[in-house]
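Chemist:
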Amino acid sequence: MNRVRWQAIEECWCLALSMKHYRPLLLNDTLFLRKLCVTLSHKNYRNIVSLTQNQSFPLVNRLAAFILLSQEGDLYHEKHTQAAEYLGVSYRHLLYVLAQFIHDGLLTKKQERVSH
Numbered sequence: 001m002n003r004v005r006w007q008a009i010e011e012c013w014c015l016a017l018s019m020k021h022y023r024p025l026l027l028n029d030t031l032f033l034r035k036l037c038v039t040l041s042h043k044n045y046r047n048i049v050s051l052t053q054n055q056s057f058p059l060v061n062r063l064a065a066f067i068l069l070s071q072e073g074d075l076y077h078e079k080h081t082q083a084a085e086y087l088g089v090s091y092r093h094l095l096y097v098l099a100q101f102i103h104d105g106l107l108t109k110k111q112e113r114v115s116h
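Residues 1 to 116, numbered by UniProt numbering, are exactly what the sequence shown covers, in order.
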């Protein structure tokens, strides 16, 4: 069985169904498919609006908010590649701003992890 690791940025519920067992039933349920499409469309729209609004803020602000959201016990340990992709910036730009945070004393680096 393939294991996939997911991380939520806020408390949520996760429902897992056996695709082997439920796939034929769900693909033939038009009400379910319609609700799924509408829900995903609304979620996509909200994400686009949020992304558009967030892109107008400098990376310094967006990264600070991202660090506060994704920290665990005052430790930030997200993969830089994933954080850069999520924030829509280059890996190099992300590292530059993280180094700026450390230089300004906003973050401290501890054993390859960053804390605030």
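Built from N, CA and C at the ideal position, the CB exists for glycine as well.
#1: Can you check DSSP and say which residues form a bridge with Y96?
#2: By Cβ distance, which residues of its chain are closer than 6 Å to N63, with the 5 residues on each side in sequence left out?
#3: Which same chain residues, not among the five before or five after A83, have their C-beta less than 7 Å away from its C-beta?
#4: May I have the straight-line CA-CA distance separating V49 from L40, to the nearest angstrom?
#5: Where does the unbroken beta strand (DSSP E) through K43 begin, and where does it stop?
#6: Taking the continuous beta strand (DSSP E) assigned at K110, which residues delimit it?
#7: Since L87 contacts L59 with CB under 8 Å, what's their CB separation in whole angstroms?
#8: Just to check my reading of the structure: H80 and Y91 have Cβ atoms closer than 8 Å, yes? What is that Cβ distance to the nearest angstrom?
Modeler: Well, looking at it:
#1: Paired residue(s): none; Y96 is not in a bridge.
#2: This sequence places Leu at residue 63; Asn is not what is there. The beta carbon of L63 sits closer than 6 Å to the beta carbons of V97 from its chain, once the five residues preceding and following it are set aside; these are given in chain order.
#3: Within the same chain, A83 has close Cβ partners F66 and L94.
#4: Approximately 14 Å, taken between the alpha carbons.
#5: First-last for K43: T30 to Q55, but that is the alpha helix (DSSP H), not the beta strand (DSSP E).
#6: Counting along the chain, K110 sits inside the beta strand (DSSP E) bounded by residues T108 to K110.
#7: Correct: roughly 7 Å between the Cβ atoms.
#8: Rounded, the Cβ-Cβ distance is 6 Å, consistent with contact.
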